[in-house]
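Going by my numbering, the sequence shown opens with residue 6, and the numbers climb by one from there. Yeah, the Cβ is synthetic: ideal placement off N, Cα and C, and Gly gets one too.
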Amino acid sequence: MRPIRRRKVSDEAAGRLEGLIADGTFPQGTLLPPERELMKMFGVGRASIREALYSLGRMGLVQVRTGERPLVTRPTPEKLITELSGAARHFLAGSGGLEHFQEARALFEVGVARLAALRASSDDVDRLRHALAANSAARGDRTRFERTDVAFHYVLALITQNPIFVAVHDALVEWLTSQRTISLRAPRAEETAFESHRQIFEAVAARDPDRAAAAMDEHLRSVVELIKIAGEADHAAARGPR
C-alpha cells in the first residue's frame, strides 16, 4: 500500500484561493489582496503564494502582472486552447497516443455533428455550404484541400453555439492537420473525404441529427482506413523493390 502523499503548501493555498473566487469573496474584475496580505491570510511564505497564483493564472482565474496585484478573471476558450494544445502534444508522444486521440476525436466530432444538425440556422447552413464548396474547389491542390477540410470542421463546431467545442477543435487542429496530411496521401483520398463532407452537410441541412452523427462516424472510420493505406504504401516504398 502506497503512503498518502501530503499536499503541497502552494497547492493548498491555490485551492483555498480558488474557493474564495468561486464563492464571490473575490469576484471577477477585482484585485486580489497584496502578496503580504495573502501570506498572512494563509500562513504561508511568499514562494508558496507565488506558486499558487501561477497555478490560478494557468487556469485562467487570475491575471498576474509584474508589479501589480493579481486581477480576478474568467476562464476563456482561448485559455483552454493553450492548455489543451500542450496536453495534446504530451499524450500523442506516449504509448498508444494516436489510437487514444482517434477515439477521442470520434466521440467529439460525432457529437459536434449531431448538435450542429439540431441547432443549425439557415445562415449556418449557408455558411457550411460555402465551406463545402471551397473544399470541392480545392480538390487537386492538397495544401488547399487540407486547409478547407479544417475549415469545414471548424464551421461545424461554430454551428453548435458552444465555445468549448470551438476551443477543443482549435486545440486539436495541429494534430488534426498532421493526420490529414497522412490520410490524403492515399489514392482517391480527396474524393473520399469530400464525399463524406457532402453527406455530413446534407444531414445538417436536413436538421437530421442521427444522420449527421452517422455520416461523421463513417467519415472518421474512412480517415483511419486512409491513414492505414498511406502508412502501408510508405512502408512498402521504404523497403524498395525486392
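Please report the straight-line C-alpha distance between V67 and S15, rounded to a whole angstrom.
Indexing the sequence shown from 1 puts residue 67 at position 62. Indexing the sequence shown from 1 puts residue 15 at position 10. Whole-angstrom Cα-Cα distance: 15 Å.
Euclidean distance between Cα positions of E200 and R110
Residue 200 sits at position 195 when you count from the first residue of the sequence shown. Residue 110 sits at position 105 when you count from the first residue of the sequence shown. Taking the straight line joining both Cα atoms gives about 20 Å.
Whole-Å CB distance - F206 paired with L123, under 8 Å assumed
Mapped onto the sequence shown, residue 206 falls at position 201. Mapped onto the sequence shown, residue 123 falls at position 118. The Cβ separation is near 15 Å, so there is no contact.
Between which two residues does the alpha helix (DSSP H) carrying L161 extend?
Stepping through the sequence shown from its first residue, residue 161 is reached at position 156. Its alpha helix (DSSP H) spans residues 147-164.
Tell me, please, whether the region 61-78 touches the region 29-46 by the rule of three or more beta-carbon pairs shorter than 8 Å.
The region 61-78 vs the region 29-46: in contact.
When DSSP builds the beta bridges, which residues end up paired with L36?
The count along the sequence shown starts at 1 and reaches residue 36 at position 31. Paired residues: L76.
Looking only at its own chain, which residues have a Cβ that is under 7 Å from the Cβ of E40, when we skip the five neighbours before and after it?
Within the sequence shown, the letter at position 35 stands for residue 40. Only residues of its own chain outside the window of five on either side were considered, and among them R51, I54 have a CB closer than 7 Å to the CB of E40, listed in chain order.
Which same chain residues end up closer than 6 Å to D222 when comparing Cβ atoms and leaving out the 5 residues on each side of it in sequence?
In the sequence shown, the residue the question calls residue 222 occupies position 217. Counting only Cβ-Cβ distances below 6 Å, and skipping sequence neighbours, we find V115.
When the Cα atoms are used, what is the spatial distance from K13 to Y59?
Translated into the one-based positions of the sequence shown, residue 13 becomes position 8. Translated into the one-based positions of the sequence shown, residue 59 becomes position 54. In a straight line, the C-alpha of K13 is about 14 Å away from that of Y59.
If you follow the alpha helix (DSSP H) that A139 is part of, which residue opens it and which one closes it?
Start at 1 with the first residue of the sequence shown, and residue 139 comes out as number 134. That run of the alpha helix (DSSP H) goes 127-142.
Assuming A162 and V117 form a contact by the criterion Cβ under 8 Å, report the distance between their Cβ atoms to the nearest whole angstrom.
Sequence index remark: in the sequence shown, residue 162 carries index 157 (1-based). Sequence index remark: in the sequence shown, residue 117 carries index 112 (1-based). Sure, about 6 Å apart at Cβ, within 8 Å.
At the level of alpha carbons, what is the spacing between A19 and P38?
As a working note, residue 19 is residue 14 in the sequence shown. As a working note, residue 38 is residue 33 in the sequence shown. Taking the straight line from one Cα to the other gives about 14 Å.
Does DSSP classify V115 as helix, strand or coil?
Here residue 115 refers to the residue found at position 110 of the sequence shown. Residue state, collapsed to three classes: helix.
Quick check: what's the CA-CA separation for A176 versus E104?
Counting from 1 along the sequence shown, the entry for residue 176 is found at position 171. Counting from 1 along the sequence shown, the entry for residue 104 is found at position 99. Linking A176 to E104 through their CA atoms gives a straight-line distance of about 18 Å.
How many Å lie between V49 and A57 at the Cα?
Locating residue 49 in the sequence shown gives position 44, counting from the first residue. Locating residue 57 in the sequence shown gives position 52, counting from the first residue. Near 11 Å, if we compare the C-alpha coordinates of A57 and V49.
Integer-rounded CB distance, given that F150 should sit under 8 Å from L112:
Counting from one through the sequence shown, the residue named residue 112 turns up at place 107. Counting from one through the sequence shown, the residue named residue 150 turns up at place 145. Contact doesn't hold; Cβ gap of about 25 Å is too wide.
Identity of the residue in S141, R70, N140, R119 nearest A210 by Cα
Translated into positions along the sequence shown, residue 210 becomes position 205. Nearest option by C-alpha distance: R119.
Could you give the distance in angstroms between the alpha-carbon of E23 and the alpha-carbon of A219?
In the sequence shown, the residue the question calls residue 23 occupies position 18. In the sequence shown, the residue the question calls residue 219 occupies position 214. A direct Cα-Cα distance of roughly 41 Å separates E23 from A219.
Return helix, strand or coil for M64, following the three-state DSSP convention.
Here the question's residue 64 lines up with position 59 in the sequence shown. Helix, per DSSP.
Helix or strand or just coil, what does DSSP make of G48?
For the purposes of this step, residue 48 is taken as the residue at position 43 of the sequence shown. If DSSP states are grouped into helix, strand and coil, G48 belongs with coil.
Can you list, in chain order, the residues of its chain whose CB lies under 7 Å from that of Q107, leaving out five sequence neighbours each side?
Position 102 of the sequence shown, counting from 1, holds the residue named residue 107. Within the same chain, Q107 has close Cβ partners V229.
Return the chain-ordered list of same chain residues with a C-beta closer than 6 Å to the C-beta of R7, the five sequence neighbours on each side being excluded.
The residue given as residue 7 occupies position 2 in the sequence shown. Residue placement at R7 is poorly supported in this model, since its pLDDT is 47, which falls under 50; the coordinates still yield a value, given next. Nothing meets the Cβ criterion.
Mapping the DSSP letters down to three states, classify A211 as helix, strand or coil.
Residue 211 sits at position 206 when you count from the first residue of the sequence shown. In the structure shown, A211 sits in coil (DSSP, three-state: anything other than H, G, I, E or B).
Examine the ligand NAP and report whether any of its heavy atoms sits within less than 7 Å of the Cβ of M46.
Summarising the ligand content, the structure contains no ligands, and the ligand NAP is consequently not present.
Tell me where the alpha helix (DSSP H) around D16 begins and ends.
By one-based count along the sequence shown, residue 16 stands at place 11. 14-27 is the extent of the alpha helix (DSSP H) around D16.
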